[in-house]
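**Student:** Numbering (our numbering), first residue to last: 299 to 817.
Think of the CB as a built atom: it goes at the ideal place given N, C-alpha and C, for glycine as much as any other residue.
Keep in mind it's a predicted model, so treat the numbers as computed, not measured.
#1: Output the distance between the C-alpha atoms of residue 744 and residue 356, rounded to the nearest integer angstrom.
#2: Taking the straight line between their C-alpha atoms, what separation do you get for residue 345 and residue 479?
#3: Which parts of the region 636-723 are runs of the beta strand (DSSP E), unbroken and 3 residues or longer, counting only runs that do not cross its ends?
#4: CB residue 300 to CB residue 484, shorter than 8 Å?
#5: Tell me where the alpha helix (DSSP H) around residue 337 begins and ends.
#6: Pairing CB atoms from the region 771-783 with CB atoms from the region 387-405, are three or more of them under 8 Å?
#7: Look at residue 751 and residue 801 and say whether their C-beta atoms are less than 8 Å apart.
#8: Just to confirm, are residue 548 and residue 559 a CB contact at a threshold of 8 Å?
#9: Can you give me the start and stop residues for the alpha helix (DSSP H) that residue 791 sits inside?
#10: Would you report the Cα separation of residue 731 and residue 787, rounded to the nearest angstrom?
#11: With a Cβ-Cβ cutoff of 8 Å, do residue 537 and residue 544 count as a contact?
#12: Indicate the three-state DSSP secondary structure (helix, strand or coil) for residue 387 in the structure shown.
#13: Taking one C-beta from the region 438-450 and one from the region 758-776 each time, how about it: are there three or more such pairs within less than 8 Å?
#14: Are there 16 or more other CB atoms within 10 angstroms of the CB of residue 776, so buried, or fewer, so exposed?
#15: With a cut-off of 8 Å on the beta carbons, I'd call residue 553 and residue 601 a contact; round off their distance for me.
#16: If you draw a straight line from the C-alpha of residue 380 to the C-alpha of residue 651, how long is it?
#17: Let me know the secondary structure DSSP gives residue 252 once reduced to three states.
#18: Which residue marks the beginning of the alpha helix (DSSP H) containing residue 740, and which one marks its end?
#19: What does DSSP give as the partner residues of residue 473 in its beta bridges?
#20: Return the chain-ordered list of same chain residues with a C-beta closer than 8 Å to the C-beta of residue 362, the five sequence neighbours on each side being excluded.
#21: My output table needs one value for residue 773: the three-state DSSP class, helix, strand or coil.
#22: When the Cα of residue 539 is compared with those of 579, 656, 556, 623, which residue comes out closest?
#23: Please report how far the alpha carbon of residue 719 lies from the alpha carbon of residue 340, in whole angstroms.
#24: According to DSSP, simplified to helix, strand and coil, what is residue 590?
#25: Can residue 767 and residue 804 be called in contact, C-beta distance under 8 Å?
#26: Roughly how many angstroms separate the alpha carbons of residue 556 and residue 565, rounded to a whole number?
#27: Check whether the region 577-588 touches the region 628-647, taking contact to mean three or more Cβ pairs, one atom from each stretch, closer than 8 Å.
#28: If you run the structure through DSSP and keep just helix, strand and coil, what is residue 362?
#29: Just the C-alpha distance for residue 740 and residue 404, rounded to the nearest angstrom, thanks.
#30: Can you give the Cα-Cα distance for residue 668 and residue 678, rounded to whole angstroms?
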């Protein structure tokens with residue numbers, strides 16, 4: 299039963315589309331909603347039938363074996379209680395049950411997400427074929443996206459849409475940001491298979507998949523995808539200190555990524571007349587000398603590494619040295635991020651201009667209301683209105699997906715929104731964590747981060763016992779990084795809970811032979 303549901307979600311759902319994207323987001327949500335509810339109802343009926351049979355046969359139904367709950371299970375339950383409290387004390391119960399029109403991330407959807415987790419983690423029997431199914435369906439979605447960026451409408455989705463809409467919509471997902479969310483949530487599975495697989499055919503297929511995914515990532519035209527990729531590579535770098543073989547595989551991953559970026563740059567030059575215009579960062583990654591330079595440099599490093607490995611009996615460096623190197627590099631990255639944040643703060647506040655007559659107007663380094671496609675306004679406005687909430691609302695929020703309903707109910711906020719957005723409705727902060735903070739309060743935000751963080755921790759901790767667990771950890775981390783600049787929605791968030799459930803499933807059954815090498 300759960301397998302049939304996963305077939306719909308992992309196989310059919312990504313490929314479903316509507317001509318010219320008319321109502322496609324709503325249609326995809328209905329597929330998720332109806333299929334999930336049907337799965338829950340059927341499971342409940344089968345459960346009741348099983349209980350009835352046990353009663354009629356006078357057999358014991360409940361065993362004395364203790365039910366084992368993991369930290370992740372408790373984290374999901376804590377998120378459930380926080381979400382429920384937020385909904386029950388909300389002033390917008392009717393609106394918050396389903397959520398904002400077109401987004402539908404209300405209380406019902408949050409319950410369905412958590413139900414997906416428990417169905418997959420506790421009811422479903424792990425089958426690696428479903429991982430392959432998702433890789434096949436997502437590869438098709440990625441290929442369609444690449445063709446779209448060269449104005450090739452293979453599935454006749456665009457029809458006669460004008461160029462301005464072709465920039466904004468992509469593949470079978472709808473908005474380019476929705477597509478980017480799906481891409482970044484899913485691609486780490488294939489990348490990790492390329493990194494870890496022992497079977498040569500699997501490595502080749504995973505390599506082809508990853509090359510397609512990276513080619514799409516560099517042309518999909520949202521900056522948040524690059525942050526997602528960076529965090530995935532950083533965690534993969536950490537895992538690579540498990541041994542010299544892993545570090546060699548990591549270098550091969552870097553070669554694949556830089557090679558795909560370089561390849562897309564060549565394609566863009568060859569077919570420049572058909573290329574859909576992209577933003578500066580995407581063009582820099584493909585058409586500047588940086589990508590081919592990195593590819594050549596990595597090839598040299600890879601060659602030197604292989605040579606040293608062959609002459610030193612497979613031990614290029616002691617493990618402790620490798621760990622120190624990782625944490626040193628992480629400290630450098632952290633310091634660079636801190637310096638960047640401080641510079642943006644001083645530059646944006648006018649401090650540098652007032653005291654030194656210097657103002658950097660680069661759109662990445664000057665934070666104002668139009669920063670990040672108006673995310674500057676959304677973030678500032680959300681923080682200001684959250685701080686003005688009553689104490690209880692600060693704790694539990696205004697209700698699931700009630701961001702727009704609350705702001706519309708306060709005349710002062712509604713006026714500010716209209717002054718900036720006109721007739722457009724801002725349904726979230728375009729930052730999932732700020733949105734969670736406002737909708738579910740500080741308790742809801744902490745429980746949500748605790749849930750995702752628990753998944754990453756458990757999956758990395760048990761990586762040597764269950765082969766695919768790190769892939770799920772990478773998917774979760776990628777989702778978290780991407781949605782610093784984005785939001786939860788039906789094209790990506792269901793997969794997050796599926797991956798949490800699959801990883802939990804493997805951990806619960808890690809002592810069984812069938813689960814020791816899931817892929």
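**Tutor:** Looking at the atomic coordinates:
#1: Position 446 of the chain shown, counting from 1, holds the residue named residue 744. Position 58 of the chain shown, counting from 1, holds the residue named residue 356. The alpha-carbon atoms of residue 744 and residue 356 are separated by roughly 46 Å.
#2: Along the chain shown, one-based indexing puts residue 345 at 47. Along the chain shown, one-based indexing puts residue 479 at 181. Roughly 35 Å between the two C-alpha positions.
#3: Annotation note: the region 636-723 contains no uninterrupted beta strand (DSSP E) run of length 3 or greater.
#4: Counting from 1 along the chain shown, the entry for residue 300 is found at position 2. Counting from 1 along the chain shown, the entry for residue 484 is found at position 186. In this structure, residue 484 does not lie closer than 8 Å to residue 300 by Cβ.
#5: Your numbering for residue 337 matches position 39 in the chain shown. Looking at the DSSP string, the run of the alpha helix (DSSP H) that includes residue 337 is 322-354.
#6: No, because fewer than three Cβ pairs between the region 771-783 and the region 387-405 fall closer than 8 Å, the two stretches do not touch.
#7: Here residue 751 refers to the residue found at position 453 when the chain shown is read from its first residue. Here residue 801 refers to the residue found at position 503 when the chain shown is read from its first residue. Taking 8 Å as the Cβ cut-off, residue 751 and residue 801 do not qualify as a contacting pair.
#8: Taking the chain shown and counting its residues from 1, the one referred to as residue 548 is at position 250. Taking the chain shown and counting its residues from 1, the one referred to as residue 559 is at position 261. Inclusion of residue 548 and residue 559 in the CB contact set at 8 Å is not warranted, their separation being larger than that value.
#9: Indexing the chain shown from 1 puts residue 791 at position 493. Per DSSP, residue 791 belongs to the alpha helix (DSSP H) from 791-806.
#10: Along the chain shown, one-based indexing puts residue 731 at 433. Along the chain shown, one-based indexing puts residue 787 at 489. So the alpha carbons of these two residues sit roughly 13 Å apart.
#11: Indexing the chain shown from 1 puts residue 537 at position 239. Indexing the chain shown from 1 puts residue 544 at position 246. Against a cut-off of 8 Å, the Cβ pair of residue 544 and residue 537 comes out as a contact.
#12: Residue numbering aside, residue 387 sits at position 89 when the chain shown is read from its first letter. Of the three classes helix, strand and coil, the one that applies to residue 387 here is coil, per DSSP.
#13: They do not touch, by the three-pair rule.
#14: As a working note, residue 776 is residue 478 in the chain shown. It counts as buried.
#15: If you number the chain shown from 1, residue 553 lands on position 255. If you number the chain shown from 1, residue 601 lands on position 303. Contact between residue 553 and residue 601 fails: their C-beta atoms lie close to 11 Å from each other, not under 8 Å.
#16: Translated into the one-based positions of the chain shown, residue 380 becomes position 82. Translated into the one-based positions of the chain shown, residue 651 becomes position 353. When the Cα atoms are used, residue 380 and residue 651 turn out to be separated by approximately 44 Å.
#17: In this structure the chain extends from 299 to 817, so residue 252 is not present and cannot be described.
#18: Locating residue 740 in the chain shown gives position 442, where the first residue counts as 1. Residue 740 -> alpha helix (DSSP H) spans 730-759.
#19: As a working note, residue 473 is residue 175 in the chain shown. The partner list for residue 473 (beta bridge, DSSP) reads 467.
#20: The residue given as residue 362 occupies position 64 in the chain shown. At residue 362, the pLDDT of 49 sits below 50, so the modelled position is not reliable; the number obtained from the coordinates is stated separately. Close CB contacts of residue 362 within its chain, under the 8 Å cut and outside five residues either way in sequence, are absent.
#21: Here residue 773 refers to the residue found at position 475 of the chain shown. Correct three-state label for residue 773: helix.
#22: For this step, residue 539 is matched to residue 241 along the chain shown. For residue 539, the closest alpha carbon among the candidates 579, 656, 556, 623 is that of 623.
#23: Walking along the chain shown from the start, residue 719 turns up at place 421. Walking along the chain shown from the start, residue 340 turns up at place 42. Within the model, the alpha-carbon separation for residue 719 versus residue 340 is close to 44 Å.
#24: For the purposes of this step, residue 590 is identified with residue 292 of the chain shown, where counting begins at 1. Shown here, residue 590 sits in a helix according to DSSP, grouped into three states.
#25: Along the chain shown, read from residue 1 onward, the residue named residue 767 stands at position 469. Along the chain shown, read from residue 1 onward, the residue named residue 804 stands at position 506. Cβ atoms of residue 767 and residue 804: closer than 8 Å.
#26: By one-based count along the chain shown, residue 556 stands at place 258. By one-based count along the chain shown, residue 565 stands at place 267. Going from the Cα of residue 556 to the Cα of residue 565 covers about 14 Å.
#27: Touching, no.
#28: Within the chain shown, residue 362 is the residue found at index 64, counting from 1. Low confidence applies here, because residue 362 scores a pLDDT of 49, under 50, leaving its location unreliable; read the following figure in that light. Looking at residue 362 - three-state DSSP - the assignment turns out to be coil, as it is neither helix nor strand.
#29: Counting from one through the chain shown, the residue named residue 740 turns up at place 442. Counting from one through the chain shown, the residue named residue 404 turns up at place 106. Spanning the two alpha carbons is a distance of roughly 18 Å.
#30: The residue you call residue 668 lines up with position 370 of the chain shown. The residue you call residue 678 lines up with position 380 of the chain shown. Rounded to the nearest angstrom, the two C-alpha atoms are 11 Å apart.
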